[in-house]
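**Q**
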């Protein structure tokens, strides 16, 4: 989401601190914004290619990367209600993207599992991005990689602090 400060009178003095378009960190903020927009656009692209909505894509991402789990655990991990998560799972199952299977030890529960082909199909679309990021990182010296990793870790911390996460 691109949130800009409220418009002010052009004749008014500039606010203290770095600007949002220039000055200290301006270019970095702009590139982080560009990266966020591209990532959001890629998620929409991926959802269209895989024929799932954004909520379904989040569920499938979790199932492929973490593994099969219960609907309740999915709801908890995705910070959604169990009712909303059940609706998403219903759509995924109806679309052939996931299956519900009996829980191996608790007959009252089910396990949601990605369809057998899903991970490989998704990876076909994601692989160019993974490879591109890997190549870009490989072009950096170990010291540059450490600086970038530390910076990104701090940015993740900023987002975590803002969301209580």
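In my numbering, the protein residues as written are 294 to 458. Each residue gets a CB set at the ideal place from its N, CA and C atoms; glycine is no exception.
Who are residue 391's beta bridge partners in DSSP?
**A** Here residue 391 refers to the residue found at position 98 when the chain shown is read from its first residue. Answer is 407.
**Q** Suppose contacts are defined by Cβ-Cβ distances below 9 Å. Is residue 405 in contact with residue 364 by that definition?
**A** Within the chain shown, the letter at position 112 stands for residue 405. Within the chain shown, the letter at position 71 stands for residue 364. Cβ distance < 9 Å, so residue 405 and residue 364 count as in contact.
**Q** When the Cα of residue 371 is compared with those of 321, 352 and 335, which residue comes out closest?
**A** By 1-based counting over the chain shown, the position of residue 371 is 78. The shortest Cα separation from residue 371 among 321, 352 and 335 belongs to 352.
**Q** Taking only three categories from DSSP, how would you classify residue 363?
**A** Here residue 363 refers to the residue found at position 70 of the chain shown. Coil, per DSSP.
**Q** Tell me which same chain residues have a C-beta within less than 6 Å of the C-beta of residue 385, skipping the five on either side of it?
**A** Locating residue 385 in the chain shown gives position 92, where the first residue counts as 1. Closer than 6 Å at Cβ, skipping near neighbours: 349 and 391.
**Q** What residue range is occupied by the uninterrupted alpha helix (DSSP H) comprising residue 329?
**A** The sequence position of residue 329 within the chain shown is 36, counting from 1. First-last of the alpha helix (DSSP H) with residue 329: 319-343.
**Q** For residue 381, count the other beta carbons within 10 Å of its own beta carbon; 16 or more makes it buried, fewer makes it exposed. Which is it?
**A** Residue 381 sits at position 88 when you count from the first residue of the chain shown. So residue 381 counts as buried.
**Q** Distance check for residue 411 and residue 360, CA to CA, integer angstroms please.
**A** On the chain shown, position 67 is the one that residue 360 refers to. On the chain shown, position 118 is the one that residue 411 refers to. Each residue's alpha carbon lies about 12 Å from the other.
**Q** Using the Cα positions of residue 444 and residue 420, report the straight-line distance between them to the nearest angstrom.
**A** One-based indexing of the chain shown puts residue 444 at position 151. One-based indexing of the chain shown puts residue 420 at position 127. Using only the alpha carbons, I get a separation of about 25 Å.
**Q** Could you tell me the distance, in whole angstroms, from the CA atom of residue 440 to the CA atom of residue 397?
**A** Numbered from its first residue, the chain shown carries residue 440 at position 147. Numbered from its first residue, the chain shown carries residue 397 at position 104. Roughly 46 Å between the two C-alpha positions.
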